[in-house]
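Counting in the working numbering, the sequence shown runs without a single skipped number right up to 1269 at its last residue.
The C-beta atom is built at its ideal place from N, Cα and C for all residues, glycine as well.
The model shown is predicted, which means the values in this text are computed figures rather than measured ones.
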Amino acid sequence: MLTRREFLKLCTAAGLSLPLSSILLDELVKAQVVKPERPPVIWFQASTCTGNTLSFANTVNPYLSNVLLDIIDLKYHPNLTNSYGNQALQTLEQAAEKKDFILVVEGAIPTKDGGIYGASGERNGQPWKIVDAVRYLAERAKYVVAVGVCAVSGGPFAAHPNPTGCKGVYEVIDQPVVNCPGCPCHPDWFVGTLAHILLYKDLPKLDSFNRPVMFYGRLIHDLCDRRSYFENGIFAEYPGDFGCMYKVGCKGPITYADCPVRKWNEYVNWPVEDNSPCIGCANPGFPDASAPFFEHLPSIRLPNITVNANTIGLASGVITAGAIGVHFVGSRLKGRPLGGTIRTPDKHDTGEREVKPKKDKGDK
Ligand code: SF4
Ligand code: F3S
């Protein structure tokens, strides 16, 4: 069996000869952690567009059927379970009562007015509110994984003015939650997290937002192959142009994820490679913290110089990137977003605040 060090190296490696999920599937089978009894998984959908299910279903290496038949015992999934209505809910409750399952939640949790704006079927003749269902399931689960930014922090469902009071899973339950954000979550981020739990009966190392460090531990800006364009001031002026996408709103300098080396759609591409800025979908504050998508990040203050979008290429790239990161982290820690209105990941802070990005002379 892979040591944890080898596992970590594999998950953070670039240019693997096979897709990560495929390698991990083999490892799980070799380690015999999946047979004869496969670990039970309940996949619960809250307020969602089902994008994470689609992202997961689009994997071809391994095929979804390999994951479902060889790795896990999927007890319940609203789209994939072959029963519906009361029968499906009975299956869900029977599986939950065994208290041996991994709970995967996709989607945001409506909480306003007692959570009446979202229900998952009926229980005892009454709508089973999503917030109650998630609490019921989480209390019985061995592990809870929030997949996609909506389950992590509300995502687009919690965007201003958030009329249904949507929140992330961690804000409504008391159990620890592994957060796998993204809009959607990359299949490898989810399968890799699951594989770690199954192989080592333990959670992977998590950052301060409970994201697995092996996937969310590096800054997109540091992995981007257009970094030299940034440092030399070669910027795209419009989305679709070639060059560094900073001026057209790239959130790579404040987003922690490995998209540039992992890539999407069967490992072929990622937003910047397609001449589109990163909109920071793996950030817990997405989408409000990224708004407006096509407006560049505020000016960056270095010890003796203020650098803006027009002069950034003249400053040291390394120092500049570091300063952006510090600026962002500082803003988040103080609960101040870079722009737009966001709810911070602080469980006890449900307030909203409006902060306009500062404009400096010379900014576009
Ligand atoms: Fe890449 Fe965006 Fe950073 Fe430019 S600003 S180097 S496009 S991540
Ligand atoms: Fe999302 Fe940015 Fe990656 S938009 S997919 S975090 S490059």
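Can Trp-1175 be considered in contact with ligand 2, in the sense that its beta carbon sits closer than 6 Å to one or more heavy atoms? Numbered from 1 along the sequence shown, position 270 holds the residue referred to as residue 1175. Yes, since a heavy atom of ligand 2 falls inside the 6 Å radius drawn around the Cβ of Trp-1175.
Pairwise C-alpha distance: Ser-1058 and Arg-1248: Here residue 1248 refers to the residue found at position 343 of the sequence shown. Here residue 1058 refers to the residue found at position 153 of the sequence shown. Since pLDDT at Arg-1248 reaches only 30, below the 50 mark, its modelled position is unreliable, and the value read off the structure follows with that caveat. Going from the Cα of Arg-1248 to the Cα of Ser-1058 covers about 8 Å.
How would you label Gly-1245, buried or exposed, when you count the other beta carbons within 10 angstroms and need 16 or more for buried? Reading the sequence shown from its first residue, position 340 is the one you call residue 1245. Its pLDDT being 30, under 50, Gly-1245 is placed unreliably in this model, and the value from its coordinates should be taken loosely. Under this definition Gly-1245 is a buried residue.
DSSP three-state assignment for Lys-1034, whether helix, strand or coil: Position 129 of the sequence shown, counted from the start, is the residue given in the question as residue 1034. Reduced to three states, the DSSP call for Lys-1034 is strand.
Name the two residues that bound the continuous beta strand (DSSP E) containing Tyr-981. Working through the sequence shown from its first residue, we reach residue 981 at position 76. That run of the beta strand (DSSP E) goes 978 to 981.
Out of Thr-1016, His-982, Gly-1012 and Ile-1014, state which residue places its alpha-carbon closest to the alpha-carbon of Ala-1000. Stepping through the sequence shown from its first residue, residue 1000 is reached at position 95. Considering only alpha carbons, the answer is His-982.
Within a Cβ cutoff of 7 Å, which residues of the same chain sit near Lys-1168, ignoring the five residues on either side of it in sequence? Position 263 of the sequence shown, counted from the first residue, corresponds to residue 1168. Asn-1174 and Trp-1175, listed in sequence order.
Can the beta-carbon of Val-1054 be found less than 7 Å from the beta-carbon of Val-1009? Position 149 of the sequence shown, counted from the first residue, corresponds to residue 1054. Position 104 of the sequence shown, counted from the first residue, corresponds to residue 1009. Cβ distance not < 7 Å, so Val-1054 and Val-1009 don't count as in contact.
For Pro-1182 and Asn-971, the rounded distance between their alpha carbons: Against the sequence shown, residue 971 aligns to sequence position 66. Against the sequence shown, residue 1182 aligns to sequence position 277. Rounded to the nearest whole angstrom, the CA to CA distance from Asn-971 to Pro-1182 is 34 Å.
3-residue-minimum beta strand (DSSP E) runs that sit fully inside the stretch 1095 to 1153, ordered along the chain: Counting only runs of 3 or more, we get nothing.
Hey, how far is the Cα of Cys-916 from the Cα of Pro-1081? Working through the sequence shown from its first residue, we reach residue 916 at position 11. Working through the sequence shown from its first residue, we reach residue 1081 at position 176. Looking at the two C-alpha atoms, the distance is approximately 23 Å.
Return the first residue and the last residue of the beta strand (DSSP E) that Pro-945 is part of. As a working note, residue 945 is residue 40 in the sequence shown. Looking at the DSSP string, the run of the beta strand (DSSP E) that includes Pro-945 is 945 to 950.
Can you give me the Cβ contacts of Gly-1073 inside the same chain, cut-off strictly under 6 Å, excluding the 5 residues immediately before and after it? Taking the first residue of the sequence shown as position 1, residue 1073 is located at position 168. Closer than 6 Å at the Cβ level, and outside the excluded window around Gly-1073, lie Val-1057, Ser-1058 and Gly-1059.
Using the C-alpha atoms, what's the distance from Lys-980 back to Gly-1185? On the sequence shown, position 280 is the one that residue 1185 refers to. On the sequence shown, position 75 is the one that residue 980 refers to. One C-alpha to the other measures close to 33 Å.
Range of the contiguous beta strand (DSSP E) that encloses Ala-1051: As a working note, residue 1051 is residue 146 in the sequence shown. Segment 1048 to 1052, the beta strand (DSSP E) holding Ala-1051.
If you measure from the CB of Ala-1162, is any heavy atom of ligand 2 nearer than 6 Å? Start at 1 with the first residue of the sequence shown, and residue 1162 comes out as number 257. At least one heavy atom of ligand 2 is nearer than 6 Å to the Cβ of Ala-1162, so yes.
Going straight from the alpha carbon of Ala-993 to that of Glu-1076, what length do you get? Taking the sequence shown and counting its residues from 1, one reaches residue 993 at position 88. Taking the sequence shown and counting its residues from 1, one reaches residue 1076 at position 171. Straight-line spacing of the CA atoms in Ala-993 and Glu-1076 works out to 27 Å.
Find out if the Cβ-Cβ distance for the pair Pro-1117, Ala-1187 is shorter than 7 Å. Within the sequence shown, numbered from 1, the residue matching residue 1117 stands at position 212. Within the sequence shown, numbered from 1, the residue matching residue 1187 stands at position 282. Not a contact, by the Cβ cut-off of 7 Å.
Comparing the CB of Met-906 with every heavy atom of ligand 1, is any distance shorter than 6 Å? Looking up residue 906 in the sequence shown gives position 1. No, Cβ of Met-906 sits at least 6 Å from all heavy atoms of ligand 1.
Taking DSSP as the reference, what is the three-state secondary structure of Ser-894? Outside the displayed range of the chain (906 to 1269) lies residue 894, so it cannot be described from this structure.
Please classify Thr-908 as buried or exposed, where buried requires at least 16 other C-beta atoms within 10 Å of its C-beta. Translated into the one-based positions of the sequence shown, residue 908 becomes position 3. Exposed, since its Cβ has fewer than 16 Cβ neighbours within 10 Å.
With a threshold of 16 other CB atoms inside 10 Å of the CB of Met-1150, please say whether the residue is buried or exposed. On the sequence shown, position 245 is the one that residue 1150 refers to. Buried, because 16 or more other Cβ atoms sit within 10 Å of the Cβ of Met-1150.
Are the stretch 1032 to 1046 and the stretch 1011 to 1021 touching by the rule of at least three beta carbon pairs closer than 8 Å? yes
Helix, strand or coil at Val-1083 [DSSP, three-state]: In the sequence shown, the residue the question calls residue 1083 occupies position 178. Of the three classes helix, strand and coil, the one that applies to Val-1083 here is strand, per DSSP.
Is the separation between the beta-carbon of Ser-960 and that of Phe-1062 shorter than 7 Å? Position 55 of the sequence shown, counted from the start, is the residue given in the question as residue 960. Position 157 of the sequence shown, counted from the start, is the residue given in the question as residue 1062. Note that the C-beta distance between Ser-960 and Phe-1062 is not below 7 Å.
Cut-off 7 Å between Cβ atoms - residues of its own chain near Ser-1133, not counting five sequence neighbours on either side: Counting from one through the sequence shown, the residue named residue 1133 turns up at place 228. Within the same chain, Ser-1133 has no close Cβ partners at all.
Environment of Thr-1255 [buried if 16+ CB atoms lie within 10 Å]: Residue mapping note: residue 1255 aligns to position 350 of the sequence shown, counting from 1. Because the pLDDT at Thr-1255 is just 30, under 50, the model does not fix this residue reliably, and the value given afterwards should be weighed accordingly. So Thr-1255 ends up on the exposed side.
Please classify Gln-950: is it buried, with 16 or more other beta-carbons within 10 angstroms of its beta-carbon, or exposed? By one-based count along the sequence shown, residue 950 stands at place 45. The residue in question, Gln-950, is buried, as its Cβ has 16 or more Cβ neighbours within 10 Å.
If distances are taken between C-alpha atoms only, which option among Asn-1029, Arg-1045 and Pro-1092 comes closest to Tyr-968? The count along the sequence shown starts at 1 and reaches residue 968 at position 63. Comparing Cα positions, the closest option is Pro-1092.
Measuring CB to CB, does Asp-978 end up less than 7 Å from His-1065? Mapped onto the sequence shown, residue 978 falls at position 73. Mapped onto the sequence shown, residue 1065 falls at position 160. No.
Let me make sure I understand the geometry here. Which of Thr-1069, Ile-1007, Cys-1129 and Glu-1044 has the alpha-carbon closest to that of Asp-1107? As a first step, residue 1107 is located in the sequence shown; it is residue number 202 there, counting from the start. For the residues Thr-1069, Ile-1007, Cys-1129 and Glu-1044, the minimum Cα distance to Asp-1107 belongs to Ile-1007.
Contact check, Pro-1165 vs Cys-1129, beta carbons under 7 Å: As a first step, residue 1165 is located in the sequence shown; it is residue number 260 there, counting from the start. As a first step, residue 1129 is located in the sequence shown; it is residue number 224 there, counting from the start. Their beta carbons are under 7 Å apart, which means Pro-1165 touches Cys-1129 by this criterion.
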